[in-house]
Amino acid sequence: MVNLSSILMLTLIQLYIFVSTVNSLECYVCENQEDNSEKCAKTILTCEYNQDVCLTEIKWGSTPYWSQGAKKQYYVSKRCSNKTECAMTRQRYMPLCTNIWYQDWVCSDCCQGDRCNYYIINDGSSKKPYHTVVLFGVLFTSIYGISKY
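Under mature numbering (1 follows the signal peptide of the UniProt record, and there is no 0), read the sequence shown as residues -24 to -1, 1 to 125, first letter to last.
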């Protein structure tokens, strides 16, 4: 005969498996890929219990020693992380996140939500389209003038 404690233990184990499966974050993962296709856009990992964000890093530099004058290219890395590691990584890399083509640089960002790191970061260049639209509006108005009533 099955006793009550065995049934309770089995129920708790099933509940734990269910909750951990439901609340698990999924992130795209890759390491030092040359672009955001293939592995970086197709490999998905279910994160561990304490990993609650997806971390993306993009590097611009030369291989293997990141030396001046060598051919430069992008390197994309994505992984599961936690908020503490994300904050430390951003603090370490963001002063180097210059996006200057002739310098080596590294940028990082984190996001929350399943597969939220599909796109790579661009360190605030999402603000540029807004500025471009405003600049285009001002330019258009100055060229064609504002119609008078």
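Even glycine gets a Cβ: it sits at the ideal position worked out from N, Cα and C.
What are the start and end residues of the alpha helix (DSSP H) that includes residue i?
| i | result |
| --- | --- |
| Glu14 | Run containing Glu14: none; DSSP gives neither H nor E here. |
Leaving out five residues before and five after residue i in sequence, what residues of the same chain have Cβ atoms less than 6 Å from its Cβ?
| i | result |
| --- | --- |
| Glu2 | Ile20, Thr22, Asp90, Arg91 |
| Thr74 | Trp81 |
| Asn(-22) | none |
For a test of the three-state rule: what should DSSP assign to residue i, helix, strand or coil?
| i | result |
| --- | --- |
| Glu24 | coil |
| Gln79 | coil |
| Lys59 | helix |
What residues in its chain sit with their C-beta under 7 Å from that of residue i, if we drop five residues either side in the sequence?
| i | result |
| --- | --- |
| Lys47 | Ser38 |
| Trp36 | Lys48, Tyr50, Asp80, Trp81 |
| Arg55 | Cys3, Val5, Leu31 |
| Val29 | Ser57, Asn58, Lys59, Cys62, Cys86, Cys87, Gln88 |
Using CA atoms only, rank isn't needed, just tell me which of the options is closest to residue i.
| i | options | result |
| --- | --- | --- |
| Ile34 | Asn(-22), Ser84, Leu(-21) | Ser84 |
| Gln88 | Cys62, Cys6, Lys15, Ser53 | Cys62 |
| Ser53 | Ser13, Arg68, Ser(-1) | Ser13 |
Return the first residue and the last residue of the beta strand (DSSP E) that residue i is part of.
| i | result |
| --- | --- |
| Gly37 | 29 to 38 |
| Tyr4 | 2 to 4 |
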